RNA sequence: GCCGCGGUGGCGAAACUGGUAGCCGCGCUUGCUUCAGAAGCAAGUGACUUCACAGGUCAUACGGGUUCAAGUCCCGUCCGCGGCGCCA
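In this note's numbering, the protein residues as written are 8 to 909.
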């Protein structure tokens with residue numbers, strides 16, 4: 008069969024069918040087997056189907072899952088769809104498409120593409136979050152949280168388009184205007200539901216330490232997101248009012264420097280402070296304008312800091328000075344108390360004070376500048392130093408003073424110790440149709456009443472009954488849905504029409520896979536106990552904080568509800584780098600999506616998988632290009648033809664050096680690939696496989712030993728299986744093996760068969776011979792009578808190899824140099840390795856014994872000698888290496904290697 | 001802006017705890033094979049220097065520093081990507 012006849016797609020279809028028939032990827036709880044739960048983040052079913060980023064995610068996950076299967080694990084490797092979300096509703100609004108049908112068509116599309124790839128999913132466990140059987144459990148968990156006091160309602164701001172009378176997602180706001188009507192977007196306060204993730208802030212922080220196999224960067228991001236800080240809340244009495252303004256600070260050492268206080272524009276005191284004063288109007292106008300800006304904008308340090316004086320003064324509890332109270336856009340209500348004490352040792356405060364001519368005062372000076380004054384400063388002094396202008400604390404360093412001042416303020420009842428977090432409670436209300444209805448009923452008599460558990464699920468009305476105009480929340484206008492009876496008193500009442508953030512869906516879906524058909528609970532407890540935690544979770548780095556933090560939070564809540572017995576959901580995490588196209592993440596809006604089907608149709612799924620894996624290390628970001636995809640295809644074809652090639656084997660029972668080389672390479676490759684897969688360096692694992700393939704194809708005409716060659720091919724097939732499973736199955740069959748390659752035992756390497764020197768020697772022989780043949784050609788000699796080989800060992804290479812080993816052993820370069828060189832030389836040449844190497848190169852006679860490792864090489868030269876003798880019937884003389892001779896030899900035969908033919 | 005990550009040949013990229021920078025692949029060059037093309041096989045391929053070999057010089061975004069030794073560690077700058085709480 009010629010190569011052109013291989014139809015990789017046909018092979019793929021054949022084996023996909025066989026796998027499905029034999030149900031080899033069906034996962035079943037089995038307490039006798041060690042389990043491995045391998046999970047790729049479930050995708051949002053986009054209208055574009057899957058793109059190369061998905062292929063990367065699935066190829067990585069599948070390779071690992073298949074590897075684990077071959078390692079004898081009971082593997083759970085499921086797939087599902089994160090099928091609620093805004094795009095479906097946008098499609099409904101813009102193009103009048105039924106969001107449910109749209110979503111389900113997208114799922115069908117994605118699934119068909121995933122099936123093309125031949126992934127080892129247990130499709131019987133498929134889930135989708137828009138199924139009522141799924142989201143009823145979102146509602147159930149919500150009710151449990153409500154019981155526990157972990158769900159509550161409060162006012163919060165949302166983007167509001169006044170002309171569409173609707174809430175907008177950040178995504179729907181373009182440069183401050185509505186995506187549809189381009190009206191100016193406002194911030195509007197609405198009553199919304201929150202989940203109390205802050206109750207778990209400490210645990211979420213502390214348990215990061217348990218996640219030893221999470222990428223460090225993800226843990227750091229989560230840590231910063233939680234943003235725990237210890238500090239004090241200092242109370243500033245307002246002059247002339249029976250009122251105090253509390254402010255949070257971690258820098259109590261600067262209290263004597265505090266010369267003004269600023270309030271966030273949302274701060275509830277503002278009205279009261281200015282009521283009836285001449286400042287009232289100006290402040291109100293400022294507040295109104297400031298509230299149009301988003302929080303990110305306001306915190307942006309480059310953005311202009313703006314503020315307005317309230318006309319009121321507070322008293323600094325430490326210095327007793329009268330200090331002005333301002334309102335400023337850089338203060339935010341969400342952090343601390345919404346009020347900031349400002350001083351000369353903070354960049355932002357300093358700039359603000361300069362701008363508005365507010366008095367500043369320094370309390371920390373550099374140790375070397377005794378006469379330090381605020382007038383000398385162009386910007387804030389934020390370094391450490393000695394305390395000045397701070398009463399009894401003068402002379403201390405500021406880090407010494409900090410706890411003392413805090414203590415003193417607490418003792419005087421001007422402050423209390425508090426722990427502050429940047430983490431805020433999770434706002435889950437969305438004013439949209441395509442999400443999980445929040446199971447709450449509002450009754451005029453009974454107030455806010457949770458839906459009865461037995462009445463779950465609260466099912467969304469069919470899309471046909473809902474109008475998607477882009478105005479307001481469609482559910483509000485659907486009387487059939489919105490009208491309900493109060494679960495308590497039975498009178499007419501209104502249903503909550505907000506739906507849940509889709510991050511709720513994805514916060515526990517990994518549990519649902521354990522028992523996706525369970526209908527009495529979110530999941531079967533026993534099954535979850537068996538499968539959890541997820542042993543390997545794989546997904547994009549873009550989920551480093553939100554999804555991964557919410558899922559951890561849910562797991563802890565479910566643990567406290569005694570539903571699961573783990574603290575953490577994902578014991579190992581791999582964040583794959585993103586696949587970019589033209590510098591950006593692939594997305595429809597950018598129009599840079601690459602459909603994998605183009606590659607699959609042309610080359611088959613194995614090529615597509617192999618190629619994306621081979622392109623880069625999984626963690627690294629990747630700029631997509633299909634340049635080189637041919638290379639992966641060629642590799643598969645090469646493996647195929649290698650496995651189907653008729654080889655005439657040698658008859659000798661003795662293993663030749665080539666056989667030894669093959670044997671060693673086979674086992675060293677098994678070792679390497681195994682280690683690399685464990686480390687997820689899949690690109691390098693494929694590289695190692697390529698080396699073995701190249702070697703086998705090089706030797707396949709050389710009368711190799713049958714057993715050795717067959718063993719190599721069999722092992723190669725198994726090593727290839729996680730990466731190109733269809734091809735592996737095909738070859739497994741052709742090699743007359745039974746069963747599926749996919750379920751075979753992963754090959755074990757035998758250390759004693761690995762002989763690095765045999766591998767190196769073979770390479771050397773090969774190199775010399777090919778050089779020799781080239782020289783013959785160049786010289787126009789057909790049958791030489793006498794051949795002199797002048798062998799120049801590569802000292803530099805040897806030297807560095809040995810030096811490297813020695814350094815590793817001794818960890819002391821100097822000691823090593825001393826054993827190699829005399830004191831005089833050391834002085835002359837310094838301690839630069841390169842120079843030493845040069846010196847040694849110039850005078851090989853000086854080489855210390857450790858540098859001489861020629862024995863194996865000599866053996867190789869002997870082999871060359873034998874081969875030449877056999878082939879050319881010539882007499883062969885070997886002259887070992889003096890550098891001068893090497894050079895002479897090279898000069899005698901310019902352009903080519905150190906071989907002289909007589 | 002803040003948090004995190006990255007910047008290495010013509011291209012995708014390797015490099016263990018600092019120790020020969022560029023594994024493997026693509027592309028390219030030359031040769032073999034072929035009626036021809038495709039495919040395949042063999043050799044070469046960071047840049048500069050040199051008739052050429054040997055050799056040398058310079059190279060991991062930029063500028064400094066630590067070290068016998070830096071892609072790797074430290075400081076600063078520039079550029080790119082992700083996240084920043086209603087995209088998922």
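We put the beta carbon where it would ideally sit given N, CA and C, even for glycine. Since this is a predicted model, take the numbers as computed values, not measurements.
Starting from the Cα of residue i, find the closest Cα among the options and give me that residue.
i	options	result
residue 233	206, 654, 296 and 304	206
residue 171	154, 189 and 141	189
residue 525	652, 139, 122 and 700	139
residue 29	15, 54, 127 and 99	127
residue 727	717, 718 and 738	738
residue 548	216, 228 and 153	228
residue 747	581, 27 and 224	27
residue 449	476, 415 and 493	493
residue 299	17, 167 and 759	167
residue 295	137, 278 and 496	278
residue 453	500, 420, 421 and 212	500
residue 368	375, 330 and 345	330
Taking the Cβ atom as the reference point for each residue, do residue i and residue j lie within a distance shorter than 7 Å?
i	j	result
residue 724	residue 735	yes
residue 316	residue 333	yes
residue 676	residue 695	yes
residue 87	residue 34	no
residue 257	residue 241	no
residue 534	residue 518	no
residue 396	residue 260	no
residue 444	residue 412	no
residue 707	residue 652	yes
residue 541	residue 577	yes
residue 150	residue 457	yes
residue 141	residue 729	no
residue 336	residue 291	no
residue 719	residue 681	no
residue 437	residue 341	no
Evaluate residue i with the Cβ neighbour count: other Cβ atoms within 10 Å of its Cβ, from every protein chain shown; 16 or more gives buried, anything less gives exposed.
i	result
residue 319	buried
residue 110	buried
residue 741	exposed
residue 902	For residue 902, the predicted structure reports a pLDDT of 33, less than 50, and the residue's modelled location is therefore unreliable. A value from the coordinates is still provided. Looking at its Cβ environment, which holds fewer than 16 other Cβ atoms inside 10 Å, residue 902 is exposed.
residue 96	buried
residue 588	buried
residue 66	buried
residue 24	exposed
residue 378	exposed
residue 225	buried
residue 876	exposed
residue 571	buried
On the three-state DSSP scale, how would you describe residue i?
i	result
residue 181	strand
residue 491	strand
residue 553	helix
residue 474	coil
residue 313	coil
residue 721	helix
residue 430	coil
residue 59	helix
residue 695	helix
residue 119	helix
residue 109	helix
residue 753	coil
residue 16	helix
What residue ranges within the segment 611-677 form continuous alpha helix (DSSP H) runs of no fewer than 4 residues, ordered along the chain?
-> 612-622 and 636-651
Mind listing, in chain order, the continuous beta strand (DSSP E) runs of no fewer than 3 residues lying wholly within the segment 187-249?
-> The qualifying runs are 193-202 and 236-244.
Which full runs of the alpha helix (DSSP H) of 4+ residues lie inside the segment 518-599, going along the chain?
-> 532-538 and 553-567
4 or more residues per run - each alpha helix (DSSP H) lying fully within the segment 299-378 | 302-306 and 354-363
Can you check the segment 18-86 for any beta strand (DSSP E) of at least 3 residues that lies completely inside it and give the ranges in chain order?
-> 42-47 and 81-83
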